[in-house]
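Engineer:
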Amino acid sequence: MTKCAAFATLLAAMLPAAVLAKDTRLWNLTANTITSLRLSPAGRNEWGQNQTINDSDGSVDHDERLKITGAASGAYDIEFVDDSGRTCFVDNVQIKEGSVFAIEEKNLKNCSK
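Residue numbers (the numbering used here): 10 to 122.
Structure follows, in structure tokens:
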């Protein structure tokens, strides 16, 4: 093993796992800016904190990604409010830690103003 490869291996072993892990992210493919977004384990109505606080401006524009915290891999229901004033629910979204998942406008069926 070369000195450079040995050093890289040693450095990687010393870094905490959290530094190496990718963030779980939501990709907003809806037509509007999301101003509030909460998750609940699927079917349980146990809504967590507003995830938009993880964004520097507190909202998620169309085609922007949002860091999601506190969600292990699994199925979740999502509630969001957008800047048009509508509230939408998306049921049974599969989230995998360290991956990107999307909410698309064409898949929204449960929205109201």
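Glycine included, each C-beta is placed from N, C-alpha and C at the ideal position.
So for A26, helix, strand or coil by DSSP?
Structural biologist: Looking up residue 26 in the sequence shown gives position 17. With a pLDDT of 48 at A26, under the threshold of 50, the modelled position of that residue is not reliable, and the figure given next carries that caveat. Of the three classes helix, strand and coil, the one that applies to A26 here is helix, per DSSP.
Engineer: Quick check on this structure: which residue in S108, S93, V69 has the alpha carbon closest to the alpha carbon of R47?
Structural biologist: Here residue 47 refers to the residue found at position 38 when the sequence shown is read from its first residue. Comparing Cα positions, the closest option is V69.
Engineer: By DSSP, does K76 sit in helix, in strand, or in coil?
Structural biologist: The residue given as residue 76 occupies position 67 in the sequence shown. Strand at K76.
Engineer: In whole angstroms, what separates the C-alpha of T61 from that of T78?
Structural biologist: Along the sequence shown, one-based indexing puts residue 61 at 52. Along the sequence shown, one-based indexing puts residue 78 at 69. Spanning the two alpha carbons is a distance of roughly 10 Å.
Engineer: Does DSSP put T39 in a helix, a strand or coil?
Structural biologist: Indexing the sequence shown from 1 puts residue 39 at position 30. Note: T39 maps to coil in three-state DSSP.
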